[in-house]
Amino acid sequence: MKKLLLTGFEPFLSNPINPTMDIVQALNGKTIGQYEIVGHILSVNFQKAPEQFLKLIEEVQPTIIVSLGLAAGIAKISPERVAINVKDGEKDNAGHAFEDAPIRANGDVAYLSTLPIRKIVNRLNTAGYPAAISNSAGTYLCNNIMYEGLYYAANHDSIRAAGFIHIPASFDLAIQHGRIPGWSGRDLEAAIELALEECIENV
Ligand code: PCA
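Counting from 1 along the sequence shown, just add 35 to a position and that's the residue number in this note's numbering.
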């Protein structure tokens, strides 16, 4: 059976909950079409996460890679258009921060997502789940992992599509966090499952 590698992240910064963890756990082991979903959680650690991710890709040998991250404050499911070769911003969970640093010293400036991002957005909106393409994945861990997935895919024909989707807070995170919008965990999971279906149908 073909594999779709689905990754999420652990909690970080001011987010004591990362709703990507529940989604990944819920969808891990499910079958969609010809694909088995293989779910794993990555550290919010600039040193460890890329290593964990590349090791997972080698182990799982996926055909499709979809990585999820929390963007607390957004209201819509947001497939990312582009990953840039930049590390910058706040400290990771190990206390390390980067400023204006490249992810890969001689890497391409940027990679465009190879997931069907427009189709994902249209499919979700038609099903009643608010979604929109995002034109920046930031410069923190999410952008880093999206860049690494697309770098790998650019050098390995076995990967047919790779990319990243940012999700809003869940209700439980919104309650703890303050003034940010939240979605029910059930809707987050259903929306991501639909997005994965769309990826699989388009490969
Ligand atoms: N979101 C962060 C990193 C981990 C996560 O879930 C980001 O947007 O970079």
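Note that CB positions come from ideal geometry on N, CA and C, so glycine has one too.
Source: prediction; values computed, not measured.
Cα separation between residue i and residue j?
i	j	result
G198	G74	15 angstroms
A209	D222	15 angstroms
T55	N237	23 angstroms
I194	V101	11 angstroms
L77	G43	6 angstroms
A10	T149	Summary: the structure shown does not reach residue 10, with the chain confined to residues 36 through 238, and so no result is reported for it.
C234	R116	14 angstroms
Tell me whether residue i sits in a helix, a strand or coil according to DSSP, three-state version.
i	result
E233	helix
A110	coil
E224	helix
N53	coil
Name, in chain order, the residues that DSSP records as bridge partners for residue i.
i	result
Y70	K37, I67
A204	G217
E45	Note: E45 sits in no beta bridge, so no partner.
A196	I99
E183	In the DSSP output, where bridge partners are listed per residue, E183 has none listed.
Less than 8 angstroms separating the beta-carbons of residue i and residue j?
i	j	result
N179	A84	yes
A162	L229	yes
Say whether chain B places a C-beta atom closer than 8 angstroms to the C-beta of residue i.
i	result
I215	Although the question refers to chain B, the structure presented lacks it and comprises just one protein chain.
### Message
Runs of 4 residues minimum, wholly inside the region 118–181: which ones carry the alpha helix (DSSP H) assignment?
### Response
152–162
### Query
Taking only runs of the beta strand (DSSP E) that begin and end inside the region 73–105, which ones reach a length of at least 3 residues, in chain order?
99–105
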